[in-house]
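Residue numbers (the working numbering), protein chains in the order written: chain A, 14 to 465; chain B, 54 to 570; chain C, 123 to 241; chain D, 5 to 102; chain E, 765 to 1272. Just so you know, even glycine gets a beta-carbon here, dropped at the ideal spot from N, CA and C. Here is the structure we will look at.
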Amino acid sequence: MNNVPTLDDFGHDPLWITIIKAVAIFVFLMLGVLFGVWSERKLISRMQHRYGPNRAGKFGLLQSVADGLKMGLKEDIMPRTVDKVIYFLAPVILAVPAFLAFSVVPFGPMVSMFGHKTPLQLTDLPVAVLLVLATASIGVYGIVLAGWGSRSPYAMLGGLRSAAQVVSYEIAMGLSFVAVFLQAGTLSTSEIVSAQAQGGTWDVFGLSIPMPSWYVFSLLPSFAIYAVTMLGETNRVPFDLPEGEGELVGGFFTEYSSSLKFAIFMLAEYVNVFTVSAMAITLFFGGWRAPWPISLWDGANAGWWPMLWFFLKLAIVFACFVWIRATLPRVRYDQLMAFGWKVLIPVNLAWIMIAATFKAMRMPDTTRGVVLAIGAVILIGAFAIWLRFDTVNQRRREAKAAQIEAEFEQLREEPSAGGFPVPPLDLPHYHGVVPEQARRHADAKEVTSGSN
Amino acid sequence: MNGTIPAPTIEYGMLAPMLVVFGAAILGVLVEAFAPRYLRSAIHLPITLLSLLISFVLIVWQWVEGVPTKAAAMGAIAVDGPAMFIWGTILVLAFVSVLLIKDEGHFVGAAAAVPGSVEEEQALYEGAAHTEVYPLVLFAVGGMMLFPAANDLLIAFVGLEVMSLPLYLLCGLARRRRLLSQEAAMKYFLLGAFSSAFFLYGTAMIYGYANSLDLAKIGATLGAVGGQDMLLYIGGAMIGVGLLFKIGAAPFQAWKPDVYQGAPTPITALMASGTLIAAFGALLRVFWVALGGLDWNWRPVFYGVAILTMLGGAIFAITQTDIKRMLAYSSIAHGGFLLIGVIATGSAPAQNTSALSGILFYLVAYGFTTVGAFAVVTMVRDAGGEAWHLSRWAGLGKRSPLLAGVFAFFLLAFAGIPLTSGFFGKYAVFQAAVTGGALPLVIVGAVASAVAAFFYVRVIVLMFFSDPAADGPSVVLPSRGTAAVVGLAALATVVLGVFPQPVLDLAHSAAQSLFVR
Amino acid sequence: MQLYVPILVLAVLAAGFAVFSVSIAPFTGPKRWNRAKLDAYECGIDPTPQPVGGGRFPLKYMITAMLFIVFDIEIIFLYPWAVAFDKLGLFGLVEMVLFIVTVLVAYAYVWRRRGLDWD
Amino acid sequence: MTTHYLVLSALLFAIGGVGVLVRRNAIVVFMCVELMLNACNLAFVTFARQNGSLDGQVIAFFVMIVAAAEVVIGLAIIVTIFRTRRSASVDDASLLKH
Amino acid sequence: MPWLSTLMGVSVLGALGVTLIRNDKLAKQFTLLVSLIVLALTVTMAVQFSPNGDQWQFQENHSWIPAFGVNYSLAVDGIALVLILLSVILVPIVVLASWHDAEKGRRSVRTYFSLILVLEAMMIGVFAATDVFLFYVFFEAMLIPMYFMIGSYGGPQRAYASVKFLLYSLFGGLLMLVAVIALYSIAGKNTFMLSDLIGTIQDVNTQKWLFLGFFVAFAIKAPLWPFHTWLPDAAAQAPAGAAVLLVGVLDKVGTFGMMRFCLQLFPDAAAYFTPLVIVLAVIGVIYGAIVAIGQTDMMRLIAYTSVSHFGLITLGVFAMTKGNPGAQDAGTGATLYMVNHGFSTGALFLIVGFLIYRRGSKFIPDYGGVQKVAPILAGTFLVAGLSSLSLPGLSTFVSEFMVLAGAYRLHVPATVIATMGVILAAIYILWMYQRTMNGPTAESVKTLPDLNAREKWVVAPLVALLLVFGFYPKPLLDVINPAVKDTLSSVSVTADQAAAASGVKEGK
């Protein structure tokens, strides 16, 4: 298997090969976005019994190009109030890291490129996955700054929400990787892929049952969590709260209403989707390795073929994104946060400990008793805490429901409302505009927006 | 990346005293999370006190079993004689402080509520109390134990922070005079973080020089590595700045009065005793074990710092009109006296032992007295809380002779009058210094003591020889805890002043083995 | 270092593209001045005057940020541990259990103190 | 090669230190402190590289944690003060003067 | 039987007992009783003292703080014995004299008497300590009860006076502490026992520095010019009883300390500094007298006379140095002077105290012709005054003469000048007497009552002692002489030389 790259194989490319690879990735991503937008619209239309774009080009294939051109030719609006530098930089900060994450995604094994043996991957690092996480984190700055620099309530709230959401889900995402590293023993993407080449065997009653090699099988909980966090990280439905049209107009890019700046936001979002998909493939679906029936063919994992498998997998994962978008409604923000913090993280931690315990049990020189004891303690502890939490939460929910009920009850008795709950009518205006009545009282206090 | 990592060993038994405290702190957090509000303080108090007690018992047990001679946890933590002595002292003082803390009314119910706001009123109405105080105190105590025992600069840094961070918070939790308290917390925090950054940068430089953070290894490389002395000097100096800040030595003393004044008084008591002790332990360890070979460089600096601290503390204290600020400056001055002991170290082990045991004894004596003094401060109250202004203390001797008498006694102990613990503390340090050849410093120390005596005596004059104001503060009936604290502190001050021998012996045998290298 | 050069190349490419797109935007489109168009968009009403410095926002977000820091730190420790798990063996498992339990204590505290609730 | 990093770290540390001393906004002061801590981290990592030991990198982890804890506590304190005073200026916090 | 500890123990227990008694009157009686018991015990002990036996008698020696080499070590020689006697005699008198002093309604009466008893214990301890460290402990600890006595029960400026007193003494004490520590570490004997430390410091230069450390403390305490400024304030503000103890006993610790520690431990340094000290002492004699003449406040006046007298005592002490043939006389005289001064100044303070208590004013111009309305008061006042100016036939004369005679052998000019002090003494005493007692009776003192029974009981013993020792000082001299001889031997002047050289043998 000398065509499988290891970390030592990286860093020897001459600059021109590097440039070729980088340009290829860049072009791939740009085309991918164009194609992705089209395919998303097309797919979702089909799911909704519509045709979708079908005017520009065959099957509407050029629709994305047309859209892009249109955006380029629209007026570039820069509202008066914005912080110009930040407003200008935010899309850049958002977009660049999105591209960078792809530099460590393995597309294939070692290939010969113009006589040079080189891996089909831009580069790899001992800490490659950290790079992905790091770029994702930097992307948050773009979102926050876009919201902040816009100096408008919607953008601001959108930015904050988005930032809070992304960081929350980033924890769950980071945790979901741990089990993978535990299994693979490395953070390098190419090595994780090669670790998924061969599944272990499970020795039961003298039989050697081969285990599936992809981590999606052996580490299913991790993948499940990752799948959820993928959606959260990329602000996709059902977690597209930051740009929830219903409540926040455009969210953090409300003020980027047209022109290429908006296009960059779009681009970044799609590239991010590709990135998380690529990571999913790399970490859980065997990367560029051919799926099972094909993998029986020896040549499947050599040469340029793996790129094909990779693209296929990417397409499927992306299609799943679209499928989810077409299926699920948007969640409420508090539900979103609660899900991230109260479910994903503890479950994740518990799973990590269980996985580690399993692993420890399989290590040659450990006392199984101790490990089992630890495992039992973990499980019982987790369960006990969970029970306690559950009852408490239940009680709290009931109390809250009762309280709301009581409020309604009280309002119903108010004669003026005619049985309907009516908000108090003398509230100061939300945006700090003092109502006429209050203005007459000299001591009335103006309340600015966003004050809590 | 390749090569095996030998699994580290951790001597849980040796670290048990510390682990108990941290464990109890964590348990306390769980209590905060799960116990119903009305039960919390009833659960916290036994946990806190018991853990301190158990920890203390463990130390005694370990002491009896024999002091370890090797650093624990792969050389990261040294549980040696001095460390155990310091641990014991800190635990006892923390125990006493917790008795003070337990009194209702020192801590705010809802720290985040704006003073005078509806939330605050509601919190008061509900009788909310910050029971988080207990776990925070335990964390701080754990840090205080870790800091002086750290045999590794990184652990020292972690210990420093674990000790400081809860204290930053605790400082801001006073129920009365909220703004003052919050301001104290902020100042303490900003300056404390600033100083720990210095400590850390110093650590980085030393790491660059010695390629190790282990104190003993650093000590061994002094002089062995050539050409990078600059790193060493900068590193040593910066570490010194960080440590001296925690001690409150001049010129890094600015935070002390503000923080001592603003913090809730029981916390001030804890800080004034525990933090000082821990910081001195760490200072001694770092500068003997790691930088001992550099003493030609740091000794003159410490000389100056000690003089500045003693005189500065004593002289500034004279101008104070606030009892807590005055005690803070007094604590600065005492820090200076203790620094004399640090300088008293020499090349001979016997000399080091006597200096170290002197410092240890001084710390015990000062710790008890200072906790007692702050306990008294909590009991003298005005309508708006504790009466801090000195003028309010006028004639207290008439109003409440016993309390004033005890306080006067503490003040005399601070002043170092014979037959109080303070005298022997000062004596032990001075004696070590004279033997170590630092006679001029001792003379300055004597002069500073005389100056310091002036402001202690002034308070006595005020309490006993002035007529009480008509609307003077009232002395609250102490709770059992507070009474116990004052009684214990007074007892310790007397006993250590009349029969210091047992504690001296203990300190001596603790210092006998010096620091583990 | 060699390993990072390709990333730099890609970064330059991406940044070049992004900056180019953003800065070309004002020149490609038309320019029609309209007062209302240059106001911040608030669904048609007069825009809210923003206080200097961006104004204040709910503390809730800060709590989230702090929690994020805490857990991110946890992850920092989990990664090296996971990678070196084979070498650390049982010791690693025990220590990590202790560590995670400790973090979970803080987590439980925050949960019970409604730090995770969003309402 | 590593000298440059050390100089950079010293520079950052100095900037942070000066910032703490001259800036008046508590948050900015606080951020300057964080800058100082990160300067330390840079120094640690540089030395780790220079001395060929991994310790420095591990230390950087610890420092990050401590810095994080400091952030959490510091922000809590500053925000509380801000809520009561509507100002984060260090100068406004002057009740505790002699 | 551990006599000395018993004495101290009885006093301390008595002090505790006083605080427990709820009734003021009972407390006073109890205090008186305790002080009389102590007196009785001391007298019993003194009787058992054999003047020609060991230098140190009634020894007690227990290890106190081995870590510092400190012993709880008590013993008396003749010098210490007479000073202890002085103290325990004065205490009951003071208690009786202060019967109503603390009753001005401000402070607790019991505390006052309790403090007196505590002070008594400390006074016994400080004279009996044969361990330098122990001496220092008592030396410093003594300040506190006196501080509270002045501060709580004194005159209008009591706070100022008490703080001044405390800080001066404390400052001196701290310098002494440094010297004590240095002595310990330089001697390197791991002990503070005086007997072990004598002669260990050979280096003259070291001796000089250590001497200065001790001397300044004692000079402040004594008080020697120019360290005396606290005394007039303290004595004038203190209640009469406290003033008696302060000037009568506490200040003696200074001169006692010079004799016992400065001379014995650092003989060479003492010899070196003798001229300087004697100059200071002589200045003190003259200065104190002159300033006393100018005083209108009677308490201050007496305080300044004490400055003058202490000059003489110091002269005597420092005449005990190497090479003075009159050393023995000077030393004995100085010791005797300490005792006598205690009685005479004590009497003076007490009587003036009675006067002031009656009239409510300290100022001489407020009085006049008291003799006519209160003859007994005036009479005792005269006797006390005359003893202060060393009239022959009163005990002070003996001691003053011995001091001057002893000093004259070596320090002629100084002695001559110091003798002038006697003349000045006549001026201030007689002039004060004339202004207050003689002349036309002032309007305000017309109704002044004479001494009552209690006050007579107070004054009588003192006057009696002054007279008895004036004519028959032998018992005291017998006790003191061997002790001084022993002390001199440590100062490297052999007793034989001293005895042979001493021509005049007064009182023998």
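Contact defined as beta carbons within less than 8 Å: I believe residue 1106/E pairs with residue 854/E. What is the distance between those atoms, to the nearest angstrom? Yes, they are in contact, since the Cβ atoms of residue 1106/E and residue 854/E sit about 6 Å apart, within 8 Å.
Between residue 79/D and chain C, is the shortest Cβ-Cβ distance under 8 Å, so that the two count as touching? yes
May I ask you to report which of helix, strand or coil DSSP gives residue 488/A? Residue 488/A lies beyond the stretch modelled for chain A, which goes from 14 to 465, so this question has no answer here.
How should residue 1088/E be labelled, buried or exposed, when 16 other C-beta atoms within 10 angstroms of its C-beta is the threshold for buried? buried
For residue 1184/E, count neighbouring C-beta atoms within 10 Å of its own C-beta (all shown protein chains included) and say buried if the count is 16 or more, exposed if not. exposed
Let me check one thing: in DSSP terms, what residues is residue 227/B bridge-paired to? 160/B
Can you tell me where the beta strand (DSSP E) holding residue 311/B begins and where it ends? Residue 311/B: not part of any beta strand (DSSP E); member of the alpha helix (DSSP H) spanning 308-315, first to last residue.
As assigned by DSSP and simplified to three states, the class of residue 1127/E: strand
For residue 336/A, does the count of other Cβ atoms within 10 angstroms reach 16, so buried, or fall short, so exposed? exposed
When you compare the CB of residue 135/B with every CB in chain E, is at least one pair closer than 8 Å? no
Have a look at residue 58/A and residue 83/A and give me their C-alpha separation to the nearest angstrom. 22 Å
Below 8 Å, how does it come out for the segment 1152-1170 of chain E and the segment 1097-1115 of chain E: are there three or more Cβ pairs, yes or no? yes
To the nearest angstrom, how far is the alpha carbon of residue 263/B from that of residue 476/B? 41 Å
Just the C-alpha distance for residue 226/C and residue 191/A, rounded to the nearest angstrom, thanks. Straight-line Cα distance between these residues: approximately 17 Å.
Can you tell me which of the three DSSP states residue 130/B falls into? Secondary structure of residue 130/B (DSSP, three-state): strand.
Taking 8 Å as the cut-off, decide whether the C-beta atoms of residue 156/A and residue 175/A are in contact. yes
Examine chain C for any beta-carbon lying closer than 8 Å to the beta-carbon of residue 340/A, and answer yes or no. no
Assuming residue 18/A contacts residue 132/A (C-beta within less than 8 Å), just tell me the rounded distance between them. 4 Å
Nearest by alpha-carbon distance to residue 357/B: which of 314/B, 302/B, 254/B is it? 302/B
Does residue 63/B come out as helix, strand or coil in the three-state DSSP assignment? DSSP places residue 63/B in coil when its eight states are reduced to three.
Do residue 503/B and the ligand HEM come close, with the Cβ less than 7 Å from some heavy atom? For the structure depicted, the ligand HEM is absent and the ligand set is empty, with no information on it obtainable.
For a contact defined as C-beta to C-beta under 7 Å, what are the partners of residue 132/C on chain D? Simply none; closest approach about 24 Å.
Of all the residues that make up the segment 310-329 of chain A, which are near chain C by a beta-carbon distance shorter than 8 Å? none
Among the candidates 557/B, 136/B, 360/B, whose CA atom is the shortest distance from the CA of residue 830/E? With distances taken between Cα atoms, residue 830/E lies closest to 557/B.
Looking at chain C, which residues of the segment 272-288 of chain A have a Cβ within less than 8 Å of any of its Cβ atoms? 272, 273, 274, 276, 277
Between residue 236/B and chain D, is there a C-beta pair that is closer than 8 Å? Chain D, which has a Cβ nearer than 8 Å to the Cβ of residue 236/B, makes this yes.
Closest residue to residue 306/B among 240/B, 323/B, 337/B, 345/B (Cα-Cα distance): Checked all of 240/B, 323/B, 337/B, 345/B; the closest Cα to residue 306/B is 240/B.
By the three-class DSSP mapping on this structure, what secondary structure does residue 181/A have? If DSSP states are grouped into helix, strand and coil, residue 181/A belongs with the helices.
Going along chain B in order, which residues have a C-beta closer than 7 Å to the C-beta of residue 11/D? Under the 7 Å cutoff, chain B gives no residues; its nearest Cβ is about 13 Å from residue 11/D.
When Cβ atoms are compared, which residues of the segment 62-96 of chain B fall closer than 7 Å to chain C? 79, 82, 83, 85, 86, 87
Given residue 1083/E as reference, the closest of 966/E, 1178/E, 1113/E, 820/E once Cα atoms are compared: 1178/E
Smallest Cα separation from residue 44/D: which of 90/B, 107/B, 207/B, 158/B? 207/B
Run of the alpha helix (DSSP H) containing residue 953/E, from where it starts to where it stops: Looking at the DSSP string, residue 953/E is not in any alpha helix (DSSP H), and its letter there is neither H nor E.
Cβ-based neighbour list, residue 60/D, same chain, cut-off 7 Å, excluding 5 preceding and 5 following: Only 48, 49, 51, 52 meet the Cβ criterion.
Terminal residues of the beta strand (DSSP E) in which residue 838/E lies: Start and end: 834-840.
For residue 52/A and residue 66/A, what's the separation of their Cα atoms in angstroms? 9 Å
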